[in-house]
Structure formats: structure tokens, C-alpha cells
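Here is the structure we will look at.
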Amino acid sequence: MDDALVTLNRAFGVLRTRNVPIEGLALHPSGTAGESRLTFVLKADAATADRVAQQFHKMIGVRSVMVLANQDSTTEATR
Amino acid sequence: MSEMLSGAEILCRALVDAGVEVIFGYPGGAIMPFYHALPDHPRLRHILVRHEQAAAHAADGYARASGRVGVCVATSGPGATNLVTGLAAAHMDNSPVVAITGQVSRPMIGRDAFQETDIIGITLPITKKNYLVQDVTELADVVADAMAVAVEGRPGPVLIDVPKDVQNQKIEWQGATKRSRASQAPRAGARGQSLTPGASPGPLEDGVRAAARLINGAERPLIMVGHGVILAQAYAEVRALAEKTGIPVITTLLGISAFPDGHPLHLGMPGMHGEVHVNRAIQHADVIIGIGLRFDDRVTGNTASFAPQARIVHIDLDRAEIGKNVPVAVGIVGDARDITRRLLAAVEPRRCERWLEHIRGFVRTRAESYRGGMSPEAILASIYEASHGDCTIVTDVGQHQMWVAKLYPYQHPNSHITSGGLGAMGFAVPAAMGVHLARPSGTVWAISGDGGFQMNMAEMATMVQEGLPVKMAVFNNGYLGMVRQWQQFFHEKRYSCTPIWSPDYVKLAEAYGIPGYRVKDASELTETVGRANTQPGPALVEFMIEQEANVFPMIPPGGSLSEPIETAPAGATGD
């Protein structure tokens, strides 16, 4: 997503507005200038995860969205 | 050739460049540089409202009536926070509004300065995008970007917060730069996709073919249309689809006027106050084609029992809407006009006579009596007659809103404007001012209850000062009627804080220098409403209606569409 405070704030808002609790989060530079990578860890069923992903998709300032199931995210982390 | 310009001057030029002609606003400390520059730009007509909320509603009304961006301006702090209700209404109903707010100077931000408020933070969830302009060099691009974002895709409000020192900052001006589209990189799944549950998104044609198969094989199909049809101006396509297939059409509150009211295939409005036959049709349908609506809870009632036999085809511009509220058999992401046109080409011609006969069997007739014959039907018929069926109706929120939605015979597309999603009382009067500016040669009636009218009636002064000939209708029953109805039905008739006193509206109109009328008996309707309608300027008509009249039928909140309340509960008096 865009590397901007207001985009970060808006991204939190997508979850807060829908009352989806955040278990963990991390913000990293993405490697591309002007973009950051924001990772949320959510305890949510697949339907909720998909619903919030749809909201992130249409959020202005978001470049791409990936939903990782628990197993995938572990794989990602140990790769 | 370059010249030295201030941020405020650049702001004005950027608005002119974007084609803005009308601004609704209210000056104050942090926006004063903008107001200093404004008189040098006579192409920008400024409408001085009496409260910033009205500026936002008026910009919203302007946007809905014109299809163009509505612009409102306020100062920092209270000016900005007063815009919030109007922006939330525009957000819920997808209306393209750009709000410009002054902000305290950059060195003062975060110091709790006088009239400082974090309007960016406050409006995050009710805007598509908002900007705190950090430097004057960004300003022209930000305005261009904001104007585009507001109308692109699913429209909505955008806010630009401009610190006072940025408005005063001077730069060498080379003319507007090309709009930065960095934040508008194409996003996955934006439009033009088929979304079948359990399958990955496929090509658009697959969805259209699947939808056409469902429609061709359906025995009891329905078309439900919402605001998306009005936003996409898909009137002709929807009508052609209905006429080719003989499928009856239901219009949601914001879809009203997308399909002619008197058309033999038009059923009416569904949901909480939908007629019994409309809701019964939904409950018996085997296929529902939903175009540009979001299956809001006021439409569906309890979603678990909504349309239990129907397979739903959902067409929406916003992918996030597909499957959000009701499960769908086929989802198609795209513009209502484009997709309906494709669907029209793909379906086979057919008729639904048996199904229509079946639905006609659900129709109920009600006999209600009203004091002085002042039924909602009679009042609305007089407005229809006086305006020869050619005016824009703007409604507020409550009982009158539902009566108008159900009873007014809309013939022209986009001639019904109301605060649907947010349900903001006080909307009608200021929004009607915006509608007039968008359609200066047409007539606009703002219809309110005695509660909602009193929320923004100060805007009569705006109408007089700015020459806005809005016709105002006030349905006066001495109650906050819809809340009173709920109290009667669900709160043991405990009318807690719903009786509401009104001033003498005829004298009030006189105080503002405009004609005011009071109608107590139906026999006076034609003449009085006709006279108000032909007045050259604004006019106010107060209709004294039955105090405890109810809106029937009613689906209790969270109830099933199959179980309407059709009479007042036992023990309750009135109506």
C-alpha cells in the first residue's frame, strides 16, 4: 500500500469499523519506493477474512491484497 | 508564463479547471484566505448556508441531481465537524461530494490550537479518500485527484483539509500539472468479472451466460433495482430487460424512479414498509436478478428467511457487495448499464403471465380514514397535479418518506432523492437547494415531517438570500411520527419524547418574507398547492395530517418479509 500515515490509519479503520480484532500486525518497507507492506494477523473464519480482503481491495492506496491461511503464513515466515 | 500565486488562488483555479460552478459553504478563521481569493473567480457561485451540515447535504443533492461532483467548504474545527452528517449521508448513498476544510497552520497542528480538530481522523470511515495538504505544490493535483476519485467507480465523498498557512503560501505557478495517478494503480478485481461461489473469478461472459440460463429457466423471476441503476443511468436497459422477459420489477428506496411507476411490470418498493404483494413476491420468487443494490437490512428483513426459494443473480460495481448480505448463485461485477445490456442480449424473450397473476393475488387493499380527508395519497396527488408530474421530489426521513416512496407516481428517472442509507433527518430542505442549482429550470419540492423540517429550517434564509425557489411541504402530525409508530407497536404505546411542538409555520414563512400556507382539509389541497407551486420564489405549505396515522404494512425490525404487521396491535388506539 501507499507509504502514507493516512493510508495506514484507513487500513486499521477497515478492521475496527467491522469489529474484527487484530492479533498482531507488522509494517515493513516493501522494497519499492513509496510503498509499504502491512501484515495483519487476525483470528477470523475464512468468510470474515474474505470479507475484509474485499474491503481492502477497494481501499484507495492499497496496491494488492493477499489472504494467507495459518499454514501458508507459517510457511511464508520460515521460508 | 509563470506568476506568483497563493494556495488559496490555486485552490480556486483548480476548482474552476475541474468544471465546478457551485460551492456551498460557510466562512471562518482557517478558511479565510480561500474566501479572500474567491471573489476573483466569478465562475464559482458560492451559496452561503446557515449551517455547514446544510452545505454538505446541498452538495449531495446537487451531485445526485446532476451526476457531477458537489462541492462544500467549511472552516476548521466546528465548521468541519458540522459537515460530518452530510458526508456520512453521501457515503452511505454513494454520492460524489468533495469537501474542502480549512485547518490550523501546520506548526499548530497537534497542539490543540483554537478551532483545531482532526477532521482527517474523524472522516476516515465516511470518505473514499481524504487529504491533508502538506505543501502548496501538491494542492492543484490534490484537487484534480479528489474530483476524479469522488466520481470514479462507486461514487462517494472525499475531503481535502488545507492548513491556513498552505492557503497563504505563494509559489511560482506554471499552470496545473498532470494529475498524479500514483494512488490509482489498477487494483485486482475492480470490475468486469464473474464471481460464482466456490470458484475463482472468471470472465464476465461466463457470469452473463449463467445468469441468462437461470432467467430462461425461471418460473417466478423478479428484477430488483437499486441506486446503481440510477448512477449508471441504466433505465432503458433495465426496462428493455423487463419487457423482453416479462419479469416484474421491484425498486428499492434509492432505486425509485429508475423504472416508471405506472408500468404494468412495476411492483413497487420492497422491505420494511414494502407492500405485502411486493414482499410476498420476493418470498415466492425462484430467481432474483438484483441490479445495483446492496440488499440492505431494510430491504431483506431477517436475511435467514429472505427469499428462501430464490437463486440470486447479483450485479454490482463493487465486488465487496457480492455475497456480503445475501448468498448469491451468480455474482457479476460491473457497471449496471453495461451488464444489463449484455444480459438483455443473452436472455430469451418470454412472458411471466401466470407469475404476475400469482403476485396480483397477494395485493391487499386497505381502507384508512384521515382527518379532513388529509391522506398522504391526496396530498401527494396534489403535488403531482400542481407540478404536472414533472418535478424532483426530495424527502427527509420518517413516515412521510415512506408514504412518498410508496405513493408518489414517479415517471421521470432520478426524480426521487432521499437520505436512504444514513436516514439523516434534516436532509430534504438543504438537499433540495442543491437539486435546484443542478436543475435550475425544473421544480423541486422538499417534503419533510415537522421533526426533520425543524432541524434545518434555517436554510429558508439561504433560499431567500440566494434566490433558490424551493417548494417546501411539511407533514405536521405533532409527533416524531415514525418513532411514535415504533413506540405504539413495540414499546407499549409509551410515547416517550415524541410529541413535538411546532412554531406557526405560516408566520415563520412570513418572517422570512416568503409565502406560507396551511392546509387542514383535502378540499383546499388543489388550490393551495397549485398556488405554492406557481410562486416565483420559495414557498412553504404545512399539511395538518392525522396525528397517529401509521405506515402500513410494516415488517418488524429483524423480522421476516413473510410476516408483515398490517394493523395496529390490539390495545393500541389511533389509526
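In order, the protein sequence lines correspond to chains H and Z.
Here my numbering = 1-based position in the first sequence + 95.
Here my numbering = 1-based position in the second sequence + 14.
Glycine included, each C-beta is placed from N, C-alpha and C at the ideal position.
Would you say residue i reaches chain Z, if we count a Cβ-Cβ gap shorter than 8 Å as a contact?
| i | result |
| --- | --- |
| H/Val115 | no |
| H/Thr143 | no |
| H/Phe104 | The displayed chain sequence assigns Asn, not Phe, to residue 104 of chain H. So, interface residue. |
| H/Arg146 | yes |
| H/Val162 | no |
| H/His123 | no |
| H/Gly126 | no |
| H/Thr112 | yes |
| H/Gln150 | yes |
| H/Val136 | no |
What residues in its chain sit with their C-beta under 7 Å from that of residue i, if we drop five residues either side in the sequence?
| i | result |
| --- | --- |
| H/Ser131 | Met96, Asp98, Leu122, His123, Pro124, Ser125 |
| Z/Val292 | Ile264, Leu281, Gly282, Met283, Pro284 |
| Z/Arg351 | Ala246, Gln247, Ala248, Glu251 |
Does the Cβ of residue i have 16 or more other Cβ atoms within 10 Å, making it buried, or fewer, making it exposed?
| i | result |
| --- | --- |
| Z/Ala446 | buried |
| Z/Glu312 | In the sequence on display, residue 312 of chain Z carries Arg and not Glu. So Z/Arg312 ends up on the buried side. |
| H/Leu100 | exposed |
| H/Thr112 | exposed |
| Z/Gly572 | exposed |
| Z/His450 | buried |
| Z/Ser401 | buried |
| H/Ala164 | exposed |
| Z/Met474 | buried |
| Z/Glu335 | buried |
| Z/Gly39 | buried |
| Z/Thr131 | buried |
| Z/Gly375 | exposed |
At least one CB of chain H closer than 8 Å to the CB of residue i: is that the case?
| i | result |
| --- | --- |
| Z/Leu138 | yes |
| Z/Val163 | yes |
| Z/Asp311 | no |
| Z/Arg333 | yes |
| Z/Asn144 | yes |
| Z/Lys338 | yes |
| Z/Ile134 | yes |
Find out if the Cβ-Cβ distance for the pair residue i, residue j is shorter than 8 Å.
| i | j | result |
| --- | --- | --- |
| Z/Val157 | Z/Leu29 | yes |
| Z/Val565 | Z/His287 | yes |
| Z/Gly4 | Z/Gly386 | Residue 4 of chain Z falls outside the range modelled here, since chain Z spans only 15 to 589, and no answer is possible. |
| Z/Pro444 | Z/Val87 | no |
| Z/Asn470 | Z/Ala563 | no |
| Z/Asp300 | Z/Arg234 | yes |
| Z/Glu35 | Z/Arg57 | yes |
| Z/Lys420 | Z/Trp459 | no |
| Z/Ile229 | Z/Thr266 | no |
| Z/Ala523 | Z/Gly530 | yes |
| Z/Glu289 | Z/Pro567 | yes |
| Z/Ser396 | Z/Thr548 | no |
| Z/Ser462 | Z/His414 | yes |
| H/Ala148 | H/Val162 | yes |
| Z/Val344 | Z/Val361 | no |
| Z/Phe503 | Z/Pro578 | no |
| Z/Val252 | Z/Ile237 | yes |
| Z/Ala321 | Z/Gln297 | yes |
| Z/Val98 | Z/Ala164 | no |
| Z/Ala94 | Z/Ile431 | no |
| Z/Thr89 | Z/Pro41 | yes |
| Z/Val85 | Z/Ile37 | yes |
| Z/Ile261 | Z/Ile174 | no |
| H/Leu120 | H/Val136 | yes |
Please go through the same chain and pick out, in chain order, the residues whose beta-carbon is closer than 6 Å to the beta-carbon of residue i, but skip the five residues on each side of it.
| i | result |
| --- | --- |
| H/Thr102 | Met96, Gly156 |
| Z/Ala127 | Val118 |
| Z/Gly216 | Ser208 |
| Z/Gly403 | Gln425 |
| Z/Leu436 | Ala102, Ala103, Met106 |
Excluding the 5 residues preceding and the 5 following residue i in the sequence, name in chain order all residues of the same chain whose CB lies nearer than 8 Å to its CB.
| i | result |
| --- | --- |
| Z/Gln501 | Lys507, Arg508, Tyr509, Ser510, Thr512 |
| Z/Glu659 | For residue 659 of chain Z there is no data in the structure shown, the boundaries of chain Z being 15 and 589. |
Let me check you understand the geometry: is the CB of residue i closer than 7 Å to at least one non-hydrogen atom of the ligand ATP?
| i | result |
| --- | --- |
| Z/Leu29 | What this structure holds is no ligand at all, so the ligand ATP is not there to describe. |
Answer with yes or no whether the minimum CB distance from residue i to chain B is below 8 Å.
| i | result |
| --- | --- |
| H/Gly108 | Absent from the structure: chain B. Protein chains present are H and Z. |
Q. How do the region 460-468 of chain Z and the region 94-113 of chain Z stand: do at least 3 beta-carbon pairs fall below 8 Å, yes or no?
A. no
With three or more beta-carbon pairs closer than 8 Å as the criterion, would you say the region 72-80 of chain Z touches the region 44-55 of chain Z? no
Point to revise | Inter-stretch contact at 8 Å, needing at least 3 Cβ pairs: the region 540-554 of chain Z / the region 406-423 of chain Z | key: no
Spell out a yes or no on whether the region 160-170 of chain Z and the region 137-147 of chain Z are touching, meaning 3 or more CB-CB pairs, one atom from each, closer than 8 Å. yes
Between the region 171-190 of chain Z and the region 115-128 of chain Z, do at least 3 Cβ pairs fall closer than 8 Å? yes
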